[in-house]
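*Asks:*
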Amino acid sequence: MPELKTQLTKASVTKFLSSIKDEQKRKDCVAICKMMEKATKWKPEMWGASIVGFGRRKYKYASGKEGEWMVIGFAPRAQNIALYGLIVFTMKYGKLKKGENDFLLKLGKYKEGGGCLYINKLSDIDTKQLEKIIKLAAVRKVH
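Structure below.
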(Lines of atoms letter the chains of each structure in order from A and count residues from 1; the text may use other names and numbers.)
(Lines give C-alpha, C1' and ligand atoms only; values in the text may rest on other atoms or scores of the structure.)
Protein backbone atom coordinates (compact mmCIF):
# COMPACT_ATOMS: atom_id res chain seq x y z
CA MET A 1 0.00 0.00 0.00
CA PRO A 2 1.48 3.40 -0.97
CA GLU A 3 2.27 6.18 1.51
CA LEU A 4 -0.31 8.90 2.00
CA LYS A 5 0.57 11.84 -0.24
CA THR A 6 -0.39 14.33 2.44
CA GLN A 7 2.25 14.20 5.16
CA LEU A 8 3.02 16.35 8.19
CA THR A 9 5.46 19.14 7.27
CA LYS A 10 7.48 21.80 9.09
CA ALA A 11 5.90 24.60 7.01
CA SER A 12 4.63 27.69 8.82
CA VAL A 13 0.88 27.77 9.43
CA THR A 14 1.02 31.56 9.84
CA LYS A 15 2.73 32.02 6.46
CA PHE A 16 0.27 29.66 4.81
CA LEU A 17 -2.77 31.47 6.23
CA SER A 18 -1.39 34.88 5.28
CA SER A 19 -0.87 33.64 1.71
CA ILE A 20 -4.61 33.02 1.14
CA LYS A 21 -5.50 35.54 -1.56
CA ASP A 22 -9.25 35.87 -0.96
CA GLU A 23 -9.55 38.27 1.99
CA GLN A 24 -12.80 36.84 3.40
CA LYS A 25 -11.54 33.27 3.13
CA ARG A 26 -8.26 34.28 4.80
CA LYS A 27 -10.13 35.92 7.71
CA ASP A 28 -12.42 32.90 8.06
CA CYS A 29 -9.48 30.47 8.03
CA VAL A 30 -7.61 32.48 10.66
CA ALA A 31 -10.77 32.45 12.81
CA ILE A 32 -11.23 28.68 12.31
CA CYS A 33 -7.57 28.12 13.21
CA LYS A 34 -7.97 30.10 16.45
CA MET A 35 -11.23 28.30 17.21
CA MET A 36 -9.69 24.85 16.73
CA GLU A 37 -6.59 25.72 18.75
CA LYS A 38 -8.67 27.14 21.61
CA ALA A 39 -11.09 24.18 21.62
CA THR A 40 -8.42 21.47 21.49
CA LYS A 41 -5.40 23.14 23.15
CA TRP A 42 -3.33 21.65 20.28
CA LYS A 43 -0.97 23.70 18.13
CA PRO A 44 -1.76 23.88 14.39
CA GLU A 45 0.52 21.99 12.00
CA MET A 46 0.72 21.91 8.22
CA TRP A 47 -0.21 18.66 6.51
CA GLY A 48 0.93 18.79 2.92
CA ALA A 49 0.82 22.16 1.21
CA SER A 50 -2.70 23.25 2.13
CA ILE A 51 -4.19 21.50 5.18
CA VAL A 52 -3.94 22.91 8.71
CA GLY A 53 -4.29 20.06 11.19
CA PHE A 54 -4.61 19.69 14.94
CA GLY A 55 -3.57 16.70 17.00
CA ARG A 56 -2.29 13.40 15.66
CA ARG A 57 -3.86 9.99 15.63
CA LYS A 58 -2.21 6.73 14.63
CA TYR A 59 -4.12 4.29 12.46
CA LYS A 60 -3.52 0.78 11.18
CA TYR A 61 -4.86 -0.85 8.01
CA ALA A 62 -5.97 -4.49 7.94
CA SER A 63 -2.76 -5.12 5.97
CA GLY A 64 -0.76 -4.10 9.03
CA LYS A 65 0.49 -0.85 7.48
CA GLU A 66 0.42 2.01 9.96
CA GLY A 67 0.24 5.74 9.55
CA GLU A 68 -0.50 9.00 11.27
CA TRP A 69 -3.14 11.61 10.48
CA MET A 70 -4.50 14.74 12.07
CA VAL A 71 -7.46 14.47 14.44
CA ILE A 72 -9.22 17.54 13.04
CA GLY A 73 -8.27 20.23 10.55
CA PHE A 74 -9.30 22.51 7.73
CA ALA A 75 -8.21 23.59 4.27
CA PRO A 76 -9.20 26.54 2.12
CA ARG A 77 -10.37 25.35 -1.28
CA ALA A 78 -11.28 27.29 -4.42
CA GLN A 79 -15.03 27.10 -3.77
CA ASN A 80 -15.23 26.59 0.01
CA ILE A 81 -13.44 25.63 3.22
CA ALA A 82 -13.09 21.91 3.97
CA LEU A 83 -13.34 20.85 7.63
CA TYR A 84 -11.69 17.51 8.43
CA GLY A 85 -12.52 15.14 11.28
CA LEU A 86 -15.99 16.53 11.96
CA ILE A 87 -17.89 14.18 9.63
CA VAL A 88 -18.53 11.73 12.48
CA PHE A 89 -21.49 13.91 13.36
CA THR A 90 -23.42 13.09 10.20
CA MET A 91 -26.19 10.52 10.05
CA LYS A 92 -24.51 8.94 7.03
CA TYR A 93 -21.90 7.31 9.25
CA GLY A 94 -24.41 5.96 11.79
CA LYS A 95 -22.12 6.31 14.80
CA LEU A 96 -23.89 9.14 16.52
CA LYS A 97 -24.73 9.08 20.18
CA LYS A 98 -28.16 10.23 21.30
CA GLY A 99 -28.59 13.92 20.55
CA GLU A 100 -25.39 14.39 18.54
CA ASN A 101 -27.21 14.96 15.25
CA ASP A 102 -28.64 18.12 16.84
CA PHE A 103 -25.25 19.77 16.42
CA LEU A 104 -25.35 19.57 12.63
CA LEU A 105 -29.05 20.38 12.47
CA LYS A 106 -28.21 23.67 14.20
CA LEU A 107 -24.95 24.34 12.36
CA GLY A 108 -26.34 26.22 9.38
CA LYS A 109 -25.43 26.02 5.70
CA TYR A 110 -22.89 23.28 4.93
CA LYS A 111 -22.34 20.33 2.61
CA GLU A 112 -20.70 16.99 3.29
CA GLY A 113 -18.75 14.60 1.16
CA GLY A 114 -15.41 12.88 0.84
CA GLY A 115 -15.04 12.68 4.61
CA CYS A 116 -15.34 16.45 5.09
CA LEU A 117 -17.83 19.13 5.97
CA TYR A 118 -17.72 22.06 3.55
CA ILE A 119 -18.70 25.62 4.35
CA ASN A 120 -18.60 28.64 2.07
CA LYS A 121 -17.95 31.17 4.81
CA LEU A 122 -18.20 31.40 8.59
CA SER A 123 -21.14 33.80 8.39
CA ASP A 124 -23.21 30.93 6.88
CA ILE A 125 -22.97 28.88 10.08
CA ASP A 126 -23.44 29.14 13.82
CA THR A 127 -19.87 29.35 15.10
CA LYS A 128 -20.93 28.36 18.64
CA GLN A 129 -22.26 25.08 17.21
CA LEU A 130 -19.04 24.62 15.25
CA GLU A 131 -17.03 25.08 18.46
CA LYS A 132 -19.12 22.38 20.17
CA ILE A 133 -18.61 20.00 17.24
CA ILE A 134 -14.85 20.65 17.23
CA LYS A 135 -14.57 19.91 20.96
CA LEU A 136 -16.52 16.67 20.66
CA ALA A 137 -14.74 15.51 17.51
CA ALA A 138 -11.35 16.05 19.13
CA VAL A 139 -12.12 13.52 21.86
CA ARG A 140 -14.06 10.97 19.79
CA LYS A 141 -12.47 7.58 19.21
CA VAL A 142 -14.10 7.08 15.80
CA HIS A 143 -12.96 9.12 12.78
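All residue numbers for the sequence shown refer to the working numbering, where the first residue is 138 and numbers rise by one.
Quick reminder that beta carbons are idealized off the backbone N, C-alpha and C, glycines included.
In this text the structure is predicted, and so the values were computed from the model without any measurement.
#1: If we ignore side chains and look at the alpha-carbon of each, how far apart do M138 and K202 end up?
#2: Using three-state DSSP, classify A212 as helix, strand or coil.
#3: For M183, which of helix, strand or coil comes out of DSSP?
#4: Under 8 angstroms, with one C-beta from each stretch per pair, do the segment 167-183 and the segment 197-217 reach the 3-pair mark?
#5: Given a cut-off of 8 angstroms on the beta-carbon distance, is the pair I262 and G250 in contact?
#6: Near I157, what residues of its chain come up, given a Cβ to Cβ distance below 8 angstroms and the 5 sequence neighbours on each side ignored?
*Replies:* Taking the geometry as given:
#1: Here the model assigns M138 a pLDDT of 46, short of 50, so the residue's position is not dependable, and the following value carries that caveat. The alpha-carbon atoms of M138 and K202 are separated by roughly 8 angstroms.
#2: strand
#3: strand
#4: yes
#5: no
#6: R163, C166, P213
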